[in-house]
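J.: Next up is a structure, given as structure tokens.
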Amino acid sequence: MKNKVLLSIMGLLLVGLGIMTSMTDGKRAEIQQVRKEVSQVNKQQKQATTQIDNLQTTYNANDQIAKSKLLAFAKDYYTFSSQSDYDQRFSQISDILSLSNDQKNQLFDSGLDATGGSRIDNLGLTSQYQTATGYTSDLDNQTIEVLATVIVQTSGTGQKAINQTVLLHGWFDTQTQKLTSIKINQVQ
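Residues in the sequence shown are numbered from 1 upward in steps of one, following our numbering.
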């Protein structure tokens, strides 16, 4: 009878051990599956992070280019001391611009008066770019909106030089890497 009890206990222990082993194997399989899923999530997260980093790098680079091109425009547009300098402004910055003909004609007039004489030379008009600060807004449809507050020193014959503040509002195309539109507002 003792042997039967001992054998029964041993049998129960073996059955229990078998059940525990099968449960452990099942848990191991579940753990392996969870590890695979975690690995896949980590890979996807790494890919998403890389894509975000690439987008930020591209945007930040274009953001800086947009600002620098608008400031380059301001510097060349507002620096002249003669009719000759005034006439050459567009050629100095034409490679960074892609303006409509109407806008080009508005921004770059001839500088001549009604009689065909030079307003710039006759009045002794000069303009000197002093400083500027650029700002950009969100990238939208491959266009960055860029603003610049520009301080320009102007004078004429017999006039004291004065500083004027001008607000430039431009749009930069990230595909062509050019300013496609510029509006100028005098700040009072």
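C-beta: ideal position from N, C-alpha, C; glycine also.
The beta strand (DSSP E) spanning N163 covers which residue range?
T.: Unbroken beta strand (DSSP E) run through N163: I162 to D173.
J.: Along the beta strand (DSSP E) that carries Q130, what are the first and last residues, could you check?
T.: From DSSP, the beta strand (DSSP E) with Q130 extends over T126 to D140.
J.: For N122, decide whether its Cβ has a neighbour in chain B, counting only Cβ atoms nearer than 7 Å.
T.: The structure shown has no chain B; it contains just one protein chain.
J.: By the three-class DSSP mapping on this structure, what secondary structure does T21 have?
T.: helix
J.: Give the straight-line distance between the Cα atoms of T143 and E30, rounded to the nearest whole angstrom.
T.: 50 Å
J.: Can you tell me the Cα-Cα spacing of S68 and T79, whole angstroms?
T.: 17 Å
J.: Of the residues I182, N3, T131 and R119, which one's Cα is nearest the Cα of V146?
T.: I182
J.: Report the rounded CA-to-CA distance for V38 versus T49, giving the unit in angstroms.
T.: Between V38 and T49, the alpha-carbon positions lie close to 16 Å from each other.
J.: Which one of L13, W171, L7 and T157 has the shortest CA to CA distance from S98?
T.: W171
J.: Out of curiosity, what's the CA-to-CA distance linking S81 and T131?
T.: 17 Å
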